Amino acid sequence: MKQSNFRRYFQFFLIILAAGAIYPVIYLRTNYQVTLLEVFDLSQVQLNNFYSMLGMAYIIGYIPSGLIADKISAKKLIGISLIGVAACGFWFAQIPSAGSVSIIFFLWGIFSVFTFWSSHLKVVKMLSRSNEEGRFFGILDGGRGVVEAVMASIGLGIFAAILGNSELMADKQAAMVAVIYLYSAVVLAAGILILIFVDNDEKLNSMSENSGERSENEKFHLKDVGKLLKNKYVYLMGGIIFMGYAVFWTVYYIGGFLQSNVGIDAVTVGTITVIILWMRPVGGFIGGFAADRFGRTKTISFALIGAAVFLTISAMLPVSSPQTMFAIVAVVLGIFLYMIRGTYWSLLGQSRIEVAMMGTAIGVISFIGYLPDIILPQMNNFLWATFGDNGGYNAYFIVSAIFGLLGVVILTVYAKMNSKEKKMEKALEPIQEVL
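Going letter by letter, the sequence shown gives residues 0 to 434 in numbering that gives the first Met the number 0.
Pasting the structure below:
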């Protein structure tokens, strides 16, 4: 392996580590919600309010995150983000008051999106070559899943070792604090490694050894945003990610569906959802390599159709069917969901966006694409109120399948438009050479 490739892959590994390490401490409720409520003396409403605030901070931060990613070195922004999240984690470990926890969540929202989101995607785009972007973004999401799963496994082991069978609040607090310290320490270490080993934007851009789009060294100017907003691919990508992310959101409801609708016991449901979590690297890797082998739009369309089919099967399968069948459907669905999540950002390389404005473009696309974070909870409140607890899951899965098919339609438009422009450019090449 050439030295330049080794350095490129090593930096890519550090970005994967950063992306996988930064969010688990923020989303501790995934595995420890009841213990969090008890240790921090919070109500369910308070905890939901903290995460609602986090979601709003995300949406508000996406576009500005792109602007600063084009003005400030991405590696500095990523390093600041990780160190900031870690510092808030260490503060969180002190079991502060509810008012302080509210501030911590707000700061987590700033550090994990405003200074991090566009920056880390921009670095991946610069590190990957034109024929590698599908697999790089697939490996990013799959690798992130591996980091999260490993951290969760180690954290759960520590938590169980400290708590044991104890019901004492002191033991619960000690176990919870140990997990928070572990997660925060990993984030801090990742931040330090990023600041030491990742190159600045200019060197990263030249490292990819691409021509044209990858050798763009113009400085970003705010006035150029107008040109970006005229790029139809920005809105098409936003729509594709919106639909893909809306479909992906069903992963958070699979466990509840299996327990409430199918009647599978909590322990078995927990086992199934852990298996689905480990499908993230599988889906990410499969999706990434398939995108480079068969085409990005074809791969994402296939994943969306696959997810739509299995969501429909989940909703329509009689509850009297064997529970094993539901479990298999859920795991296969998980693979398709993580294929979607791992590949839709690979379209960046085909979207005719200058490197100088890449961060801003990511911010605008993210603002559109991640609106489901705000929309879907309200939509689900309506579906559950209309169809009841059991019917709500089925209705939600069917609506999500429709989102997937709409995503395929947008992808088809995107692919045809892209193909048409490429043919036009190829036809104009002889004329440009003469001129």
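Ideal Cβ placement from N, Cα and C applies to all residues, glycine included.
Remember, predicted model here, so these are calculated numbers, not experimental data.
First and last residue of the uninterrupted alpha helix (DSSP H) at residue i
i       : result
Ser-350 : Ser-350 -> no alpha helix (DSSP H), and no H or E assigned at all.
Glu-147 : 132 to 162
Ala-92  : Per DSSP, Ala-92 belongs to no alpha helix (DSSP H) and is neither H nor E.
Val-328 : 322 to 342
Leu-120 : 116 to 126
Val-233 : 231 to 247
Gly-362 : 357 to 368
Phe-256 : 253 to 256
Gly-294 : Looking at the DSSP string, Gly-294 is not in any alpha helix (DSSP H), and its letter there is neither H nor E.
Val-250 : Per DSSP, Val-250 belongs to no alpha helix (DSSP H) and is neither H nor E.
Leu-225 : Correcting the residue identity first, residue 225 is Gly in this sequence and not Leu. Taken as a continuous stretch (DSSP letters only), the alpha helix (DSSP H) holding Gly-225 covers 224 to 228.
Cutoff 6 angstroms; reference residue i; Cβ partners in own chain excluding five residues on either side
i       : result
Ala-290 : Gly-133, Thr-298, Thr-342 and Ser-345
Phe-49  : Phe-104
Phe-396 : Leu-310, Ser-313 and Ala-314
Leu-187 : Ala-85
Phe-402 : Met-242, Ala-245 and Val-246
Gly-391 : Leu-382 and Trp-383
Ile-253 : Ala-329
Gly-333 : Ile-275 and Met-278
Phe-386 : Ala-394
Simplified DSSP assignment, three categories, for residue i
i       : result
Phe-284 : helix
Leu-167 : coil
Pro-63  : helix
Ser-300 : helix
Ile-21  : coil
Ile-312 : helix
Lys-70  : coil
Leu-27  : coil
Asn-199 : coil
Pro-376 : helix
Trp-383 : helix
Val-318 : coil
Leu-41  : coil
Ile-263 : coil
Ser-183 : helix
Trp-107 : helix
Ser-129 : coil
Ile-14  : helix
Cβ-Cβ distance between residue i and residue j below 9 angstroms
i       : j       : result
Phe-115 : Ile-21  : yes
Lys-75  : Leu-194 : yes
Gln-349 : Arg-295 : yes
Val-281 : Tyr-337 : yes
Gly-108 : Gly-19  : no
Phe-158 : Tyr-31  : yes
Ala-73  : Asp-200 : yes
Val-318 : Val-261 : yes
Ala-306 : Ile-271 : no
Ile-59  : Tyr-369 : no
Ser-117 : Ser-165 : no
Lys-39  : Ala-97  : One point to set straight first is that residue 39 is Phe, not Lys, in the sequence displayed. Yes, these two residues count as a Cβ contact at 9 angstroms.
Ser-399 : Trp-248 : yes
Gly-54  : Ile-367 : no
Ile-79  : Ser-365 : no
Met-416 : Lys-231 : yes
Phe-113 : Ala-189 : no
Ile-191 : Ala-173 : no
Arg-376 : Tyr-182 : Note on identity: in this sequence residue 376 is Pro, with Arg being the wrong assignment. Cβ distance not < 9 angstroms, so Pro-376 and Tyr-182 don't count as in contact.
Met-150 : Val-185 : yes
Proximal residues to residue i (C-beta, below 8 angstroms), its chain only, five neighbours per side dropped
i       : result
Leu-227 : Val-233, Ile-352, Met-356, Thr-359, Ala-360 and Val-363
Ile-14  : Ile-77, His-119, Val-122, Val-123, Leu-126, Leu-139, Ile-193 and Val-197
Asp-388 : Ser-259
Check: residue i C-beta below 8 angstroms from any heavy atom of the ligand MN
i       : result
Gly-358 : As far as ligands go, the structure on display features none, and thus does not contain the ligand MN.
Sequence-distant residues of its chain with Cβ nearer than 7 angstroms to residue i (five each side left out)
i       : result
Phe-284 : Gly-137, Ile-138 and Gly-141
Val-407 : Ser-300, Leu-303 and Ile-304
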